[in-house]
Amino acid sequence: MALNRRSFLELAAATTALTAIGVQASHAQDADTLRIGIAANGPRHSDPNLTTQGSDNWATEQMYEQLVRPDDGRFALKPEEYLPTLATEWTQSGDAKSWTFKLREGVQFHRNYGEMTSEDVVFSFERAIKEGTNRTILSNIESVVATGPYEIAITLKQPDVNLLGTSIFNNNTSIVSKKAYEEIGGEAFATDAVGTGPYELVQFDPEFGTRLKRHEGYWGDKAKIANVECVYIADTTARTLALLSGNVDIIEAVRAPGWIDSILQRDPTLKIDMTTPGSFNTLHINLTRKPFDNLLVRQALMHAIDRPAVAAALAPMGGVMAGLQPDFFPAGFKTEDLPAELQYPYDPEKSKALLAEAGFPNGISFDSLCSQREDYSSTMLIVQELIRPAGFNMNLIIGDHTAYHADNRSDKNTLAMHSSSYPPIPTQIYFQQLASASEVKADGSGGGNYSHYGVAMPGIDDLLNQALTASDYETYLDLCKQIELQVLRDLPLIGLSTLGFTAVRSAKVDLGYEVESGYARWRFHRATKTV
Amino acid sequence: MARYLLLRLGDAIPTLFLVLTLVFIAMRILPGDPALAALGDAALPEQLAEFRERMGLNVPLWQQYFNFLGGVLTLDFGRSLLSNTPVLTLIAQNLPYTIELTLAAMAMGIVAGIPMGVLAATNRNKLPDTGVRLFSLIGYAIPDFFLGALLLITFALNLGWFPINGAGTDFASRMHHIFLPALTLAFVKAAFLGRLTRTSLLEVLGKDYVRTARAKGAREKRVIYNHGLRNAMLPITTGLGLSLLSTLSGSVAVELVFNRPGIGRLLIDAIAQRDYAVIQGGVLVFAVFVVLINLLMDLVYVVVDPRVRVS
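Chains as they are written, first to last, in this note's numbering: chain A, 520 to 1050; chain B, 773 to 1083.
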């Protein structure tokens, strides 16, 4: 058939018209499906042992469980706050090196992969120790042995009074089915893992996201909403519009000043769920760069940063850090509980005086790198303005997020902001950001101690080693508090603020519990939805 | 003709080779560590080192380059550093969406743009002409991402006529999902083609053979479409080729705004995360398209204007 001008135009017009008369409603929603808009382009893994993209854990949180868990919506601040989950009881030896766990009987894996036994638990731990993304923390585990069909024993190389927090309630040690892994194969398991959680995987679509359905054989109270869809929408505007239009029920928020206010202006009925503390925003002071090797200059900087003002600017997500731990975390201090000389109240005049005493009466100028990501750039721009009146002229060089981290890891920064989430296990931040073993290296082979603390000057290594090998929790906490005070005296690292992880929820969805603290994901098995 | 095609395809090989080399070098020059991007900034040195070794990032650059070229020759583009999915699979999953969007936008742009150009040329300096020129000006001035957000807020959020994101599943749903993104891209196409058609047609309508046709009593419609528009098609065809290429590149922003899957969105994420293998595969796809579209345009010239012959 010859395609002449007229038929071509008719065909094109018909195509255009057809696209305009779509039949599917854009608000296709039902009470039995909960849709969450996730701030990333697409899922990478559904295997809890492999996830490196934090957003993927919204789905894994629904599908997998560990031997113990804290209550929904919060961290366990102390070991005794963990709740029996796939284990019903546990014991530890006096030296905190030998632990036994009695497993819950009758727990069924998704998709009829049978009952969970000690064989699956041992398999899951061994896989996490050998192949997981968090092998360093798990490297303290000497062995995991089945001592019965429903009992396992864990032996550690060194004592760990926080084992429940460091290694048991850990994404990597989520319990997966050994039989499923063997049948499905390691590679396919990365996007098709089988767990015991209240929801099971239906579809893993690298473009759309993940679809889950209720696990009908769940050992506990079954999920109230039948389906959960994790829809990946990286673009902030698109994600916000998706929530406002009713296309999704929950979205990950933008952690920038004013964002919460602006979305509530648009729809005041929306609900805000937020973890406290969320991320720990810290500022590394490079001790190898003059004049920051001078304690007086660091003290001047500390007095120049109005930390409550930084937290207030990030409200309602921001929180004040007196030291490196939030005050309600086990080793945290309230500002008023610190010795007066370690409280560092905002005082630009004192800051100027300290700078003058250090030999810089006219202030100092320096370059500092910063990521363009909104939480980094907004915080550092606030800091830049706060310290300027005291005589610190910081020239911020704002660039690509990935390049920023690579530059930090190559020791190219002077004041390096870092944002990471930590559980109430104080030694994690000390090890990652302050231990001499984690010192940054110019060739990029070092770690996250961008201050060179413990190398450029004596640090907290001895106290940290004692804490890491403590066999009772009180001694551990006491040593961590000593570290907090030591860091406040030496000032290699400043706790700028905390920044809560936030999600915005339609008023039609009730989570069934309050989100208080915890990682940047929460479970939906108690949620209900009205249409 | 077949020999001509083979020669033109042969010419494309050095171009593609050059593109691949430039992309390889550019990605390695860019600051940023794919291992850090994949594992997060809290990753420990030993985890990073192991990742680099596993992904072949610890070998010398020249070796990475030859590994990459060897892979391309055997159609093995490697695996995503982030998800470990074969790059070819990612491309196969995303490419249809980009092609679909490009074709829909082109169809809309042609349907709106060419008649507008004819209308303007046949009503020179009258109201329709002014209207078309004003539309062209606005079409050129509004960036894709802004227009996309505007359409999204108006027609998807406020009026609820269209889905807010995604790409749909069955045919009707896909057409429903594609309308606003395609319209966004078509807006500038229509502006461009309208302007181009107007200019080309005006030039042709001033030629002697058009005057002769009118003198012989040919009807005005016949004069415009058979004598005018047909002879104006050569520059319009060139414009269509350019427009098609710009639609492909414009799809990057539109896919992001409308949260549609596609090669553009895949590339943006890969660049942000320094996922070298995906970037290289994605850019190669774009380069192949550019070569093929240019070749297609050369062939269309022959069809549109019989005076043009393959030499």
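All C-beta atoms, glycine included, are put in the ideal place defined by N, C-alpha and C.
* Burial state of Lys697 of chain A (16 or more Cβ within 10 Å) -> Under this definition Lys697 of chain A is a buried residue.
* Hey, Thr795 of chain A and Thr1017 of chain A are a contact pair by Cβ (cut 8 Å); roughly how many whole angstroms apart? -> 7 Å
* Answer yes if the segment 888–904 of chain A comes into contact with the segment 842–850 of chain A, meaning at least three C-beta pairs across the two stretches below 8 Å, and no otherwise. => no
* **Euclidean distance between Cα positions of Ala985 of chain B and Val995 of chain B** => 7 Å
* Can you tell me where the beta strand (DSSP E) with Glu719 of chain A in it begins and where it stops? -> Tyr718 to Asp724
* **Whether Ala819 of chain A touches Lys869 of chain A by CB criterion (9 Å)** => yes
* Could you work out which residue in A:Gln862, A:Gln627, A:Gln891 and A:Ser637 is closest to Val713 of chain A when comparing CA atoms only? => A:Gln627
* Asked: What is the C-beta distance between Ala665 of chain A and Glu701 of chain A, in whole angstroms, given that I count them as a contact (C-beta under 8 Å)?
  -> Between Glu701 of chain A and Ala665 of chain A the Cβ distance is about 17 Å, and since that is not below 8 Å, they are no contact.
* Asked: DSSP beta-bridge partners for Leu760 of chain A?
  -> Answer by DSSP bridge pairing: none, since Leu760 of chain A is not bridged.
* Val663 of chain A in three-state terms, based on DSSP -> strand
* Asked: Between Arg654 of chain A and Phe642 of chain A, what straight-line distance do the alpha-carbon atoms span, to the nearest angstrom?
  -> 15 Å
* Asked: With 16 other CB atoms within 10 Å as the buried threshold, where does Val839 of chain A fall?
  -> So Val839 of chain A ends up on the buried side.
* Using 10 angstroms around the beta-carbon of Ser485 of chain A, count the other beta-carbons present and answer buried if the total reaches 16, otherwise exposed. => Lying before the first or after the last residue shown, residue 485 of chain A is absent from chain A, which here runs from 520 to 1050.
* **Ser990 of chain A versus Lys616 of chain A - alpha carbon distance** => 8 Å
* Proximity test, Cβ basis, 9 Å: Phe1030 of chain B and chain A -> With 9 Å as the cut-off, Phe1030 of chain B counts as an interface residue toward chain A.
* **4 or more residues per run - each alpha helix (DSSP H) lying fully within the segment 854–903 of chain B** => As far as the segment 854–903 of chain B is concerned, its whole alpha helix (DSSP H) runs of at least 4 residues are 859–894.
* Taking C-beta pairs closer than 8 Å, name the residues in chain A that Asp1070 of chain B reaches, listed in chain order. => Going along chain A, no residue has its Cβ under 8 Å from Asp1070 of chain B, so there is no contact; the nearest lies around 20 Å.
* At least one CB of chain B closer than 9 Å to the CB of Val750 of chain A: is that the case? -> yes
* Asked: So, helix, strand or coil for Arg970 of chain B, using DSSP?
  -> helix
* To do: Determine the extent of the alpha helix (DSSP H) in which Trp577 of chain A is found, giving its start and end residues.
  => Here the alpha helix (DSSP H) through Trp577 of chain A covers Asn576 to Met582.
* With DSSP run on the structure shown, which of helix, strand or coil describes Met840 of chain A? -> coil
* Rounded separation between Phe849 of chain B and Gly963 of chain A - CA only -> Between the alpha carbons of Phe849 of chain B and Gly963 of chain A lies a distance of about 27 Å.
* **Proximity winner among A:Val750, A:Ala761 and A:Glu958, relative to Pro817 of chain B (alpha-carbon distances)** => A:Glu958
* For Ile1040 of chain B and Gly828 of chain B, the rounded distance between their alpha carbons -> 23 Å
* Output yes if chain A places a C-beta closer than 9 Å to the C-beta of Gln1045 of chain B; else output no. => yes
* Could you check what DSSP says for Ala1046 of chain A in three-state terms: helix, strand or coil? => coil
* To do: Inspect the beta-carbon positions of Thr956 of chain B and Ala864 of chain B and report whether they are closer than 9 Å.
  => Thr956 of chain B is not a Cβ neighbour of Ala864 of chain B, given a cutoff of 9 Å.
* Note down, in chain order, every chain A residue with its Cβ under 9 Å from the Cβ of Ser855 of chain B. => Gly561, Pro562, Arg563, His564, Gln572, Ala709, Thr710 and Pro725
* **Cβ-Cβ separation, His937 of chain A to Thr801 of chain A (assumed contact under 8 Å), whole Å** => 5 Å
* To do: Could you check if Tyr949 of chain A is buried or exposed, using at least 16 other CB atoms within 10 Å of its CB as the buried criterion?
  => With 16 or more other Cβ atoms within 10 Å, it is buried.
* Asked: Where does Ala547 of chain A sit, in a helix, a strand or coil, going by DSSP?
  -> In this predicted model, Ala547 of chain A has a pLDDT of only 43, less than 50, meaning its place in the structure is not dependable; the value taken from the coordinates is given anyway. It is coil, neither helix nor strand.
* Examine chain B for any beta-carbon lying closer than 9 Å to the beta-carbon of Glu706 of chain A, and answer yes or no. => yes
* Proximity to Ala1059 of chain B [Cα-Cα], best of B:Phe789, B:Val1072, B:Ala944 and B:Ile950 -> B:Phe789
* **Rounded distance between the beta-carbons of Pro1011 of chain A and Leu806 of chain A, thought under 8 Å** => 6 Å
* When Cβ atoms are compared, which residues of the segment 733–760 of chain A fall closer than 9 Å to chain B? -> Val750, Tyr751, Ile752, Ala753, Asp754, Thr756, Ala757, Arg758 and Leu760
* **Local Cβ density within 10 Å of Gln722 of chain A, reported as buried at 16 or more and exposed below that** => exposed
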